[in-house]
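Engineer: 117 is the number of the first residue of the sequence shown in our numbering; add one for each residue after it.
A virtual CB, placed ideally from N, CA and C, is assigned to each residue, including glycine.
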Amino acid sequence: MSVAGTYNTTVKSPMGDQSGTFTVEDNGDGTFSGSMAGGMGSMDVVDGTVDGNTLSWKMNMVVPMPMTLECEAVIDGASLTGSVNAGAFGAMPLSGTRA
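1. Using C-beta distances below 7 angstroms, list every residue in its chain close to Ser149, excluding the 5 sequence neighbours before and after it, in chain order.
2. Please report the residue range of the beta strand (DSSP E) in which Asn201 lies.
3. So, Gly206 versus Thr125, is the Cβ gap smaller than 7 angstroms?
4. Just the C-alpha distance for Gly154 and Asp133, rounded to the nearest angstrom, thanks.
5. Apart from the five residues just before and just after Met208, which ones in its own chain have a Cβ nearer than 7 angstroms to its Cβ?
Here it is in structure tokens:
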């Protein structure tokens with residue numbers, strides 16, 4: 117099963133739950149591209165890798181402050197679970213379902 121698709125996601129952040137849309141485009145060579153769009157704007161996937169059903173990627177956040185987010189998620193059927201590591205703010209749980 118392909119990891120490609122659109123997922124409706126929630127990140128449990130210190131500022132409350134952040135809803136978003138995570139788009140995954142499998143490049144077929146162990147990498148993926150896409151974006152995470154939500155209330156704080158859109159961030160492109162950077163250095164996205166696919167290992168089986170595990171995705172690892174980075175995003176460059178600019179709002180409310182510039183920082184690089186390091187993310188990992190596992191796709192299991194229609195569900196996505198993982199975490200977003202926001203440096204000094206620690207890891208925030210990430211969950212979602214295929215749209």
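Structural biologist: With the given structure in hand:
1. Glu141, Asn143, Val161, Gly164
2. 195-201
3. no
4. 11 angstroms
5. Val127, Lys128, Ser129, Ser199, Val200, Ala202
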